[in-house]
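To start, the structure itself, in structure tokens.
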Amino acid sequence: MNRATDSNPIEKARLLLLAGFLGSGKTTLLKRILSWESDLSNSVVLVNEFGDIGIDGALLKDSGSDVIELTSGCICCTLSADLKQSLEDVWKRFRPERIFIESSGVADPTAIIGVLKEPLLMQSMQIDKVLTVLDADFWEAREVFGPLFYNQLEMADLILLNKIDTQEKEKISGYLKEMHETFPDTQIVPTIHCNIDSETLWSVKHEDKRVEHSPSHLFNEILPMGETLQDSDGAHHGQDAGRFVTFSFQTAEVMDESCFKQFVAGLPWELFRLKGPVRFQENTTLLNFVGGRSEWVPWVGDPETRLAFIGWDVEGDAILNELKKCLIST
Numbered sequence: 002m003n004r005a006t007d008s009n010p011i012e013k014a015r016l017l018l019l020a021g022f023l024g025s026g027k028t029t030l031l032k033r034i035l036s037w038e039s040d041l042s043n044s045v046v047l048v049n050e051f052g053d054i055g056i057d058g059a060l061l062k063d064s065g066s067d068v069i070e071l072t073s074g075c076i077c078c079t080l081s082a083d084l085k086q087s088l089e090d091v092w093k094r095f096r097p098e099r100i101f102i103e104s105s106g107v108a109d110p111t112a113i114i115g116v117l118k119e120p121l122l123m124q125s126m127q128i129d130k131v132l133t134v135l136d137a138d139f140w141e142a143r144e145v146f147g148p149l150f151y152n153q154l155e156m157a158d159l160i161l162l163n164k165i166d167t168q169e170k171e172k173i174s175g176y177l178k179e180m181h182e183t184f185p186d187t188q189i190v191p192t193i194h195c196n197i198d199s200e201t202l203w204s205v206k207h208e209d210k211r212v213e214h215s216p217s218h219l220f221n222e223i224l225p226m227g228e229t230l231q232d233s234d235g236a237h238h239g240q241d242a243g244r245f246v247t248f249s250f251q252t253a254e255v256m257d258e259s260c261f262k263q264f265v266a267g268l269p270w271e272l273f274r275l276k277g278p279v280r281f282q283e284n285t286t287l288l289n290f291v292g293g294r295s296e297w298v299p300w301v302g303d304p305e306t307r308l309a310f311i312g313w314d315v316e317g318d319a320i321l322n323e324l325k326k327c328l329i330s331t
């Protein structure tokens, strides 16, 4: 693991807090994150008990009773009872760029965030995202679990509604609608085995950055894709896996901006990922739509519309037909 030096200090560590009840899938998500090709060599993972991670064959060496180095170069530490002290020790020893905290299934993120926002810690680290994994089976019984359950969801920037393959389609649609109504400022993504694309996880709210690459790579990160077909209207249709569906749309024609934004606002909750440049009359802008929330940033590539869609059990043709109504006839 690379440590910061006095000549090249790390300004602040970015904190990602993973919350959720026992058995929801937090460890599965953490294993997935650590398996990605992203460079995690200057990262630290804090967990309640290291044995709970179960990263088979992923250990290089034991560099201490509470510190393990993973294959990516990422450091994993046992989380002591004193979170503040653990974080101070991690910062002094490693000066990481990123810190993952997997909280206990019965931990209240409100209390954890209170610690993370203490002035001394805020000098060296900042909260990047609070992510809560929710077992889909628990939402219907939410009133039984009390304030802790609600706080784990209320404090989240991103909620993964996990294990949707264990529920009926109609129930998942209802759960997503209810959750968006209850937590309107939270991104909500339905998943199986916490399978999300890395870009969704790493994205930072309110970050103004320019992106020039095609969004088609999103397909390969979340689904095993096969061949795609293109029809005469520029639509591409991919395979589905476990009722997840991907499709895309590309055209050089101009979109009516008001119509398109109404189209996005009316998308079903099951359509949780949409990304790509959109060509309007006056400009071309990049849309990044995740779990019900949209972000628009400048686009510096070719002036065309090139959109990638990911959803769960959605009718791609019906969605594309609505989209085509926003094309301005020339």
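Anchor point for the sequence shown: position 79 equals 80 in the numbering used here, and the numbering is continuous, going up by one each time.
Here a beta-carbon is modelled for each residue, glycine too, at the ideal position from N, C-alpha and C.
CB of L132 within 9 Å of CB of L30, strictly: Their beta carbons are under 9 Å apart, which means L132 touches L30 by this criterion.
Work out the CA separation of R143 and P353 for me, nearest whole Å. In the structure as shown, the chain begins at 2 and stops at 331. Residue 353 is therefore absent and cannot be evaluated.
Proximal residues to R294 (C-beta, below 6 Å), its chain only, five neighbours per side dropped: So the qualifying residues of the chain are Q188.
DSSP three-state assignment for G277, whether helix, strand or coil: Three-state DSSP puts G277 in a strand.
8 Å contact criterion, which L308 and G267 should meet: CB distance rounded: Beta-carbon to beta-carbon, L308 and G267 are separated by about 15 Å, too far to satisfy the 8 Å threshold.
Length at least 3, wholly inside the segment 243-268: the beta strand (DSSP E) runs in chain order: You should have 245-252.
Going by Cα to Cα distance, which pick from G292, R99, V116, Y151 is closest to D83? When C-alpha distances from D83 are compared across G292, R99, V116, Y151, the shortest belongs to V116.
Check whether the segment 313-328 touches the segment 296-303, counting contact only when three or more Cβ pairs, one atom from each stretch, lie closer than 8 Å. Contact between the segment 313-328 and the segment 296-303 is absent, because fewer than three Cβ pairs lie under 8 Å.
With distances taken between CB atoms, is the gap from Q168 to D138 smaller than 9 Å? The Cβ atoms of Q168 and D138 sit closer than 9 Å to each other.
Just grab the DSSP bridge partners of W313 for me. Its beta-bridge partners are F245.
Please report the straight-line C-alpha distance between E155 and I165, rounded to a whole angstrom. E155 and I165: Cα-Cα distance of roughly 20 Å.
Give me the Cβ distance between I100 and L47, rounded to the nearest whole Å; I'm assuming they're in contact under 8 Å. Taking a contact as a CB-CB distance under 8 Å, the pair I100 and L47 counts as one, their CB atoms being some 7 Å apart.
CA-to-CA distance, D186 to D158, given in whole angstroms: Spanning the alpha carbons of D158 and D186 requires a straight line of approximately 8 Å.
Minimum length 4: unbroken alpha helix (DSSP H) runs contained in the segment 133-194: Counting only runs that start and end inside the segment 133-194, the alpha helix (DSSP H) elements of at least 4 residues fall at 137-140, 143-146, 148-155, 170-183.
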